[in-house]
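S.K.: If you scroll down you'll find the structure; I have some questions about it.
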Amino acid sequence: MASVPVPKAAARTGRPSMLRGIDTYRVAFTGSGAEYFRVWVVNIVLSVVTLSLYTPWARRRTAQYFYGHTQIAGSPLEFVAELRRMVFGFLVYFGFYAAYELAVYTEQDLATTLLAAALAVLAPFVWASAMRFRYRATRWRGIRLAFVATWKEVYTASWPVFVVAAVWVGVFFTAEALTPDESWIKTWMIGQDGVPALMWALLGAAALATLLCVIRLDFNYTRLRLSRVRMGGQMGRWKLGYASFLRVWLGALGIFLLGLPVLVATWVGLSAVMYQASRRLASPNGVVVVGLLMAVLTVLTLVLASLPARAWREARLFQLVWNSAGFGQLVRTRTRLRTSAYLRLRVKNVLLSFLTLGFYRPFAMASEYAAKVGSVSLYVKGQLDQLQGELVQEQGAFGDAAADAFGLDLIG
C-alpha cells in the first residue's frame with residue numbers, strides 16, 4: 328500500500344496545508360479536570376447509593392464527556408450508544424460474576440471450573456461485541472465507524488486466551504494431585520508434606536507463559552481494532568509486526584526489574600522499623616494502626632515499583648499504533664507524544680491521587696487523555712469536506728448492521 332507523504336511544515340504548524348495535496352488537522356481535547364470532576368463525583372455518589380447499579384449510566388456520561396470534548400477539524404466526536412443495551416450488558420455481566428463468586432464461596436469445584444471454562448470460551452465473543460458497540464457508537468460529522476472482523480478472525484486471534492486457561496487448569500489439577508488436602512496453597516508456601524520444588528518451577532513456567540500470551544493477545548487485538556475497522560468505504564490500516572510489540576513489553580519488564588530492588592529494600596527497611604514500633608506498643612489499637620500502615624506501604628510499594636514500566640509501555644505502544652494508523656490511502660495519523668513527558672505526568676498523577684485519597688483521579692484522567700489525544704495529527708489526502716461527503720454516502724449500506732444482536736456491548 329502506498330504511503331501518504333507527511334508534510335513537515337504542516338506538522339510543525341498544525342494548520343491545514345495544501346502541500347502535496349495533504350491537509351493536516353490536529354486533534355484537540357477541550358475539556359478540563361475541573362469540569363470532569365463534577366461528572367466523576369456524581370457518578371461515584373450515585374454508584375455507591377445504588378450499589379453499583381448506576382454503572383452503565385456512569386460509563387455513558389463519562390464517554391459522552393470525553394467524546395464531546397474531543398475536536399477533530401473543529402467538530403467534536405459523538406458517543407451515541409443506546410443506554411438500554413449498556414444496561415442489559417451490565418446485568419448479564421453482573422449475573423455471571425455473581426454466579427462465579429457463589430460457586431467459589433460454596434466450594435462447588437465443578438461449577439467453578441465450568442464457569443471459568445465458559446468465561447474463557449465467551450471472552451472473545453464479549454470482546455468483539457464490545458468493539459462492535461463502541462465503534463458503532465462513535466460518530467463524527469455523521470460518519471460512523473464499524474468493526475467488521477468476522478467471528479473466525481476474532482477466535483483465531485484469541486488463541487492466547489485458551490492457552491492461558493489450559494495452562495492454569497493444568498497447574499490447578501497438578502496441585503490437587505500432589506496435595507490432596509484442601510490446604511495446598513499453604514503447603515506450597517511453607518514447604519510442608521514434601522511438595523517438590525518442581526511445583527514452584529511449574530508456577531514460574533505458567534507465569535512466563537501467561538505473560539507471553541498476554542503480549543500476543545494485546546498485539547492480536549490491537550491489530551484487529553485497527554485493520555478491521557471501517558469508515559465509510561475505507562478500511563483501517565495496519566503495518567506493525569509482533570516483534571515491535573514484544574520489544575516494548577520486554578523493555579517495560581526490564582525497567583520494572585531495574586527499579587524493583589531499590590523499592591523492595593526500602594519496603595523491608597520501613598517494615599522492620601514499623602515492626603519494632605508495634606512490639607513496643609502496649610495498646611492493641613496501636614498494633615492495628617501499625618498493621619494498617621504496613622498494608623498501605625505494601626500496596627504503595629507495588630504501585631511505585633510497576634509505575635515507570637507501565638507508563639513507559641503505555642506511551643511507547645501509543646506511539647507505535649498512532650504512527651502507523653490510518654484509513655485506506657486517504658488518512659494517516661502521527662503522534663508527538665513524548666515518552667519522558669508522559670512518564671512524568673503519570674508519576675505526578677499517581678502521587679497526587681494517593682495524597683488526596685483518590686480525589687485527584689478525575690484530574691489525572693483528563694490530563695492523561697489530553698496528553699495523548701492532543702499529540703495526534705491527521706493527514707488527509709484531498710479536501711476534508713469532499714472526503715466527508717464520500718464517506719457518508721459509502722457507509723449507508725452497512726451502518727446499523729454493525730451492532731451485535733445480543734446486547735453484550737459495553738462489557739469490559
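In my numbering, the protein residues as written are 328 to 739.
Ideal placement from N, C-alpha and C gives every residue a C-beta, glycine not left out.
Fair warning: this is a prediction, and the values are worked out from it, not measured in the lab.
Can you give me the start and stop residues for the alpha helix (DSSP H) that Val707 sits inside?
M.R.: Here residue 707 refers to the residue found at position 380 when the sequence shown is read from its first residue. Taken as a continuous stretch (DSSP letters only), Val707 belongs to no alpha helix (DSSP H), being part of the beta strand (DSSP E) at 703-708.
S.K.: In angstroms, rounded to a whole number, what distance separates the CA positions of Val677 and Tyr381?
M.R.: Numbered from its first residue, the sequence shown carries residue 677 at position 350. Numbered from its first residue, the sequence shown carries residue 381 at position 54. Their Cα atoms are separated by approximately 26 Å.
S.K.: Please confirm whether Trp454 has its beta-carbon closer than 8 Å to some beta-carbon of chain D.
M.R.: The displayed structure is made up of one protein chain only, and chain D is not part of it.
S.K.: Just to check my reading of the structure: Ala632 and Phe583 have Cβ atoms closer than 8 Å, yes? What is that Cβ distance to the nearest angstrom?
M.R.: Along the sequence shown, read from residue 1 onward, the residue named residue 632 stands at position 305. Along the sequence shown, read from residue 1 onward, the residue named residue 583 stands at position 256. Yes, they are in contact, since the Cβ atoms of Ala632 and Phe583 sit about 7 Å apart, within 8 Å.
S.K.: Tell me, to the nearest whole angstrom, how far the beta carbon of Gly395 is from that of Ser694; I am working on the premise that it is less than 8 Å.
M.R.: As a first step, residue 395 must be located in the sequence shown, where it is residue number 68. As a first step, residue 694 must be located in the sequence shown, where it is residue number 367. Going by Cβ atoms, the distance from Gly395 to Ser694 rounds to 18 Å, so no, they are not a contact pair.
S.K.: Starting from Leu472 and walking both ways along the beta strand (DSSP E), at which residues does that stretch end?
M.R.: For the purposes of this step, residue 472 is taken as residue 145 along the sequence shown, with counting starting at 1. First-last of the beta strand (DSSP E) with Leu472: 470-474.
S.K.: I need the boundaries of the beta strand (DSSP E) containing Trp467, first residue and last residue.
M.R.: Walking along the sequence shown from the start, residue 467 turns up at place 140. Element bounds for Trp467: 465-467.
S.K.: Would you report the Cα separation of Val658 and Gly709, rounded to the nearest angstrom?
M.R.: Counted from its first residue, the sequence shown places residue 658 at position 331. Counted from its first residue, the sequence shown places residue 709 at position 382. Rounded to the nearest angstrom, the two C-alpha atoms are 10 Å apart.
S.K.: Rounded to the nearest angstrom, what separates Glu434 and Gly596 at their Cα positions?
M.R.: Start at 1 with the first residue of the sequence shown, and residue 434 comes out as number 107. Start at 1 with the first residue of the sequence shown, and residue 596 comes out as number 269. Using only the alpha carbons, I get a separation of about 39 Å.
S.K.: If you drop the 5 nearest sequence neighbours on each side, which residues of the same chain put their C-beta closer than 8 Å to that of Leu624?
M.R.: Numbered from 1 along the sequence shown, position 297 holds the residue referred to as residue 624. These residues qualify, in order along the chain: Trp594, Leu597, Ser598, Met601.
S.K.: By a C-beta neighbour count over all protein chains shown, 10 Å radius and 16 as the cutoff for buried, is Leu664 buried or exposed?
M.R.: The residue given as residue 664 occupies position 337 in the sequence shown. Under this definition Leu664 is a buried residue.
S.K.: Runs of 4 residues minimum, wholly inside the stretch 513-585: which ones carry the alpha helix (DSSP H) assignment?
M.R.: The qualifying runs are 525-554.
S.K.: Within its chain, find whatever has a CB closer than 7 Å to the CB of Arg388; leave out the 5 residues flanking it on each side and keep chain order.
M.R.: Against the sequence shown, residue 388 aligns to sequence position 61. Correct list, in chain order: Val366, Asn370.
S.K.: Where does Met516 land, buried or exposed, given buried means 16+ other C-beta within 10 angstroms?
M.R.: Taking the first residue of the sequence shown as 1, we reach residue 516 at position 189. Bear in mind that a pLDDT of 49 at Met516, under 50, signals an unreliable position, so the number given afterwards is only what the model happens to contain. It is exposed - the Cβ of Met516 has fewer than 16 other Cβ atoms within 10 Å.
S.K.: Using 8 Å as the threshold, is the C-beta distance between Arg386 and Glu480 below it?
M.R.: For this step, residue 386 is matched to residue 59 along the sequence shown. For this step, residue 480 is matched to residue 153 along the sequence shown. Not closer than 8 Å, so no.
S.K.: Give the C-beta separation of Val407 and Arg466 to the nearest angstrom, bearing in mind that I take them to be a contact with Cβ-Cβ under 8 Å.
M.R.: Position 80 of the sequence shown, counted from the first residue, corresponds to residue 407. Position 139 of the sequence shown, counted from the first residue, corresponds to residue 466. Right, their Cβ atoms sit about 5 Å apart.
S.K.: List the DSSP bridge partners of Glu362.
M.R.: Sequence index remark: in the sequence shown, residue 362 carries index 35 (1-based). For Glu362, which the question treats as bridged, DSSP gives no partner whatsoever.
S.K.: To which residues of the same chain is Trp639 closer than 8 Å at the C-beta, ignoring the five residues directly before and after it?
M.R.: On the sequence shown, residue 639 is found 312 positions in, with the first residue counted as 1. Same-chain partners within the cutoff: Gly578, Ala579, Ile582, Thr666, Leu670.
S.K.: Have a look at the DSSP bridge pairing and note the partners of Ile371.
M.R.: As a first step, residue 371 is located in the sequence shown; it is residue number 44 there, counting from the start. Beta-bridge pairing links Ile371 to no other residue.
S.K.: Restricting to Cα atoms, I'd like to know which of Phe654, Met692, Pro383 is closest to Gln561.
M.R.: Counted from its first residue, the sequence shown places residue 561 at position 234. Nearest option by C-alpha distance: Phe654.
S.K.: Near Pro451, which residues of its chain fall below 6 Å by C-beta distance, leaving aside the five closest residues on each side in sequence?
M.R.: Residue mapping note: residue 451 aligns to position 124 of the sequence shown, counting from 1. Val481, Tyr482, Ser485.
S.K.: For Ala398, write down the residues that DSSP places opposite it in a beta bridge.
M.R.: Here the question's residue 398 lines up with position 71 in the sequence shown. The sequence shown places Gln at residue 398, not Ala. According to DSSP, Gln398 bridges with Ala355, Pro403.
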